[in-house]
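Peer 1:
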Amino acid sequence: MASDLFGVPANQISNASSPETIEAWDSVQHLNLVLALEQKFNLQLSPEEIEQMKSIGDVTQLIEGKLQVTPS
Amino acid sequence: MNDPNSRTSERVTAVQKVFESQGIPPEEKLKPLNQRISTLRGEIDGLINQKSAHKAAVALGELWRTEAGPAAAAFVTSRFERLRDRLPLVPYHVAILRSFTVEPVVPLLRGAAFCLGVDLSVSVGDFNAYSQEILDAESLAYSSAVNAVVLAVQTTDIAPDLWNQFAGMSAGEVEDAIRRVSGSLQHWMRALRKRSQAPFIVHNLEQPLRPNLGVLDSQRETSLAEAIQRINQEVRRCAREIRGMYILDYDALVARRGRLRWHDDRNWLMARLPIAADQFVHLASEWLRFLVPLAGRSAKALVVDLDNTLWGGIVGEEGITGIKLGAEYPGAAYQALQRALLDLTRKGILLAVCSKNNLDDAMEVLEKHPDMLLRPKHFAAMRISWNDKVQGLREIASELNIGIDSLAFLDDNPFEREQVRASLPEVTVIDLPKDPFQYAAAIRDHPVFERLSLSAEDQQRTAFYSQQRERDQAEQNFQSKEDFFRFLEQEAEIAPVSPATLARVAQLTQKTNQFNVTTRRYGEQQIAELAAKPGSQVLSIRVRDRFGDHGLVGVAITCDRDETCEIDGFLLSCRVIGRTVETALLAHLTESAARRGCKQLIGWFLPTKKNAPAREFYRQHGFELAKQNGDGSLWSLDLTQRKIASPEWIKVSMTNGGED
């Protein structure tokens, strides 16, 4: 998903990838990422959670955490 | 009726079909939908690498229909960008001026546009800077690359007093606010038109989710709802007075989707994005209902199947009394579709039948079934036989004299749809939902059937084509063309463009592809300016014959410079090609140019993929080749030496004084 949104090949994206390492990851794409995640996993992210998403690793951890708390 | 499971299974079949057409082994089909979508993505990349651009485009369309969302949008867009040079995409550029965040909608807009054959570039104005941008001649709205401008402003931003403090406003303050807001909108519309000829799409103002006074609002002398309605009415009235202004009924869009579901407070407070994520795609679709026809991707004719499309059941098996069609369930769904099709004919879109059927069975229903709303006279062409539909569509396009890319195809049978997609990728294939009750909506929602303005010709088009059929039959009884022409008793009326004909003249320059020497497209505003320019003329020609009125079917635009008259545009609707009307119009040009003292008449022929019918036009009329370059050829006629005679069988008249 991140590869689609940021236009970067999937093999160049790792847990350490962040707005600093991915040029296309700006505030608009950040919002797009939030909306895409919400649609894909059918969940709602709170403003605090959105601010926590500072790297791909953070995002993965956050989503995995949320999916475990509320299994659907 | 529309439970999520049936929708999911529909999606599964949609995806399955793509796999079947690409020979994917059956075990793949059993994987869950998500996995299959990711396989589909791999397949698309495979097709792109194999250079199967059309197949890849079809698969991308399927993927988009299966999961229209932000991630799919980015995928679809990036893949179409790689296919750009190998697909017949129409480039178009829209500037969106806005008072709220629209950026996340843009990728969906571009993805959806690609799937409709439009390579859409989108420039978004600065946040809430729409007013300065309209008034600043240097802003992105006036960039020469921009084809159309959207103004997306919401009530809360342009009328914060009405929106937030209505409860505390006096009647006088409300009146002032109505005047101020509708005045600003009208001012911006006029300001934009002064600086640009681009079509301008203006959102109207939405009603609030909850009026500040609750039910009391409806009891007040001027309610908030009424104040907003009045602003919208004023803006609508103003738009009708200015050319190329179109109102996007944002309030109706929000209402249609459901006001409660449209809004998202979190998006609004965090990102100044008032709209819920699952509604983005609907805003994008609404924009496309304007942008797709403006980009010229509109269907001129819809070819329909009969069994299980216009009626339920198979007439060859169940007979005229067995098929489902009528005002009650289950026939009502088919009547609703027929009503939608009838509405298309009122917008100038032709209908045609292409059905695998016994001709007698089908005609019996078309002519005699009491509940049919569509009759043979509503169809401009019919192919009812057991022949291949791809061939049928080709024949219909040539009979109606329109390009294959102007056809849309409606058929309940997925197999036929896939066949047409594979063999004629330029045809717009309508995806019918499983449930016949949704057929009518599928037609009404499709942007290729949208029209932004209507000319008198549009409304009569179906009648024109049935007269044409009579003409063609008559022609076969004559030995020579000349005898046939004399029999036709054609009358041509040449007139300078007038306010009444402006829309039709502009429309002809935009839509005529075949008999068109320069294929220069003009908007109404540009035509009006050309007509007002000293030394230039914009003429239209109407043609009538013993079978009926063809209406306004041709345009000639000329421009005098010193003693040379240059033909800037010369075009004729396909309805009258080959009836020597072009000679009559050209004869008039030579005669009037000579009368104005011009010594020569020149004109470019600029070849396109479609204008071969006009290629020999100048040569056949005695013009000499003066120049040739990469763009085309320049032809010239010495007016002091040569004259062009108007054909004796056409009675030509000039109206509205002209230059006389």
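Chains as they are written, first to last, in this note's numbering: chain D, -8 to 63; chain Z, 20 to 679. C-beta: ideal position from N, C-alpha, C; glycine also.
Mind pulling the chain D residues with CB within less than 8 Å of F94(Z)?
Peer 2: Listed along chain D, the residues sitting closer than 8 Å to F94(Z) by beta-carbon distance are D(-5).
Peer 1: Show which residues of chain D have a CB atom less than 9 Å away from the CB atom of G88(Z).
Peer 2: L26, A27, Q30, K31
Peer 1: Can you pull the chain D residues whose beta carbon is under 7 Å from the beta carbon of M289(Z), in chain order?
Peer 2: Within 7 Å of the CB of M289(Z), the CB atoms of chain D belong to P38, in sequence order along the chain.
Peer 1: Given a cut-off of 7 Å on the beta-carbon distance, is the pair A400(Z) and E418(Z) in contact?
Peer 2: yes
Peer 1: For A75(Z) and L82(Z), what's the separation of their Cα atoms in angstroms?
Peer 2: 10 Å
Peer 1: Taking 7 Å as the CB-CB limit, is M(-8)(D) close to chain Z?
Peer 2: yes
Peer 1: If you pair each beta-carbon of the stretch 479 to 490 of chain Z with each one of the stretch 516 to 531 of chain Z, do three or more pairs fall below 8 Å?
Peer 2: no
Peer 1: How close, in whole Å, do the beta carbons of I513(Z) and L443(Z) come, if the pair is a contact with beta carbons under 8 Å?
Peer 2: Contact annotation, I513(Z) with L443(Z): C-beta distance approximately 39 Å; criterion of less than 8 Å not satisfied.
Peer 1: Nearest chain D C-beta to A75(Z) closer than 7 Å, yes or no?
Peer 2: no
Peer 1: Within this structure, are the beta carbons of F398(Z) and V372(Z) separated by less than 7 Å?
Peer 2: Contact flag set, yes.
Peer 1: How many Å lie between G422(Z) and S46(D) at the Cα?
Peer 2: 51 Å
Peer 1: Taking contact to mean at least 3 C-beta pairs separated by less than 8 Å, is the stretch 628 to 635 of chain Z in contact with the stretch 529 to 549 of chain Z?
Peer 2: The stretch 628 to 635 of chain Z vs the stretch 529 to 549 of chain Z: in contact.
Peer 1: Excluding the 5 residues preceding and the 5 following W281(Z) in the sequence, name in chain order all residues of the same chain whose CB lies nearer than 7 Å to its CB.
Peer 2: V273, I294, A295, Q298
Peer 1: Please list the residues of the stretch 104 to 135 of chain Z that have a C-beta atom closer than 9 Å to any C-beta atom in chain D, keeping them in chain order.
Peer 2: T120, E122, P123, V125, P126
Peer 1: Is it buried or exposed for P179(Z), if we count other Cβ within 10 angstroms and need 16 for buried?
Peer 2: Classification for P179(Z): exposed.
Peer 1: So with CB distances below 9 Å, who are the chain D contacts of A680(Z)?
Peer 2: Given a span of 20 to 679 for chain Z in the structure shown, any question on residue 680(Z) remains unanswerable.
Peer 1: Flag A296(Z) as yes if its beta-carbon sits less than 7 Å from any beta-carbon of chain D, otherwise no.
Peer 2: Closer than 7 Å: yes.
Peer 1: Whose C-beta lies closer than 7 Å to the C-beta of H222(Z) among residues of the same chain, with five residues either side of it excluded?
Peer 2: L170, A171, V172, L267, Y269
Peer 1: Residues of chain Z with CB closer than 9 Å to the CB of G(-2)(D), please, in chain order.
Peer 2: A93, S97
Peer 1: Since R561(Z) and V574(Z) are thought to touch, with beta carbons under 8 Å apart, how far apart are those beta carbons, to the nearest angstrom?
Peer 2: The pair is not a contact, with the Cβ atoms about 11 Å apart (cut-off 8 Å).
Peer 1: Are any of the Cβ atoms in chain Z nearer than 7 Å to that of L34(D)?
Peer 2: no
Peer 1: Run through the stretch 320 to 385 of chain Z for me and flag every whole beta strand (DSSP E) of 3 or more residues, listed as ranges in chain order.
Peer 2: 320 to 323, 369 to 375
Peer 1: Please report how far the alpha carbon of G341(Z) lies from the alpha carbon of G332(Z), in whole angstroms.
Peer 2: 8 Å
Peer 1: Going straight from the alpha carbon of S304(Z) to that of R638(Z), what length do you get?
Peer 2: 47 Å
Peer 1: Strictly below 9 Å CB to CB, what residues from chain Z border L22(D)?
Peer 2: Near L22(D) (Cβ distances below 9 Å), the residues of chain Z are T120, E122, P123, N286, M289, A290, L292.
Peer 1: So the candidates are A355(Z), L369(Z), G367(Z); which of them puts its Cα closest to the Cα of L392(Z)?
Peer 2: Per the C-alpha coordinates, the member of A355(Z), L369(Z), G367(Z) positioned closest to L392(Z) is A355(Z).
Peer 1: Give me the chain Z residues within the contact set of V50(D), using Cβ-Cβ distance strictly less than 8 Å, ordered along the chain.
Peer 2: For V50(D), there are no C-beta contacts with chain Z under 8 Å, since the nearest C-beta of that chain is about 13 Å from it.
Peer 1: Quick check: what's the CA-CA separation for A645(Z) versus L653(Z)?
Peer 2: Going by the C-alpha atoms only, they are around 5 Å apart.
Peer 1: Counting beta carbon pairs with one atom in the stretch 136 to 150 of chain Z and one in the stretch 455 to 463 of chain Z, are three or more of them shorter than 8 Å?
Peer 2: no
Peer 1: Which class does N23(D) belong to by DSSP, given the choice of helix, strand or coil?
Peer 2: helix
Peer 1: Counting C-beta neighbours from all protein chains within 10 Å, is the total for V300(Z) 16 or more, i.e. buried, or is it exposed?
Peer 2: buried
Peer 1: For W16(D), would you say it is in contact with chain Z, using Cβ-to-Cβ distances shorter than 7 Å as the test?
Peer 2: no
Peer 1: At which residues does the alpha helix (DSSP H) containing Q487(Z) begin and terminate?
Peer 2: Start and end: 475 to 494.
Peer 1: In whole angstroms, what separates the C-alpha of R278(Z) from that of P349(Z)?
Peer 2: 32 Å
Peer 1: Give the range of the alpha helix (DSSP H) segment to which I197(Z) is assigned.
Peer 2: 190 to 214
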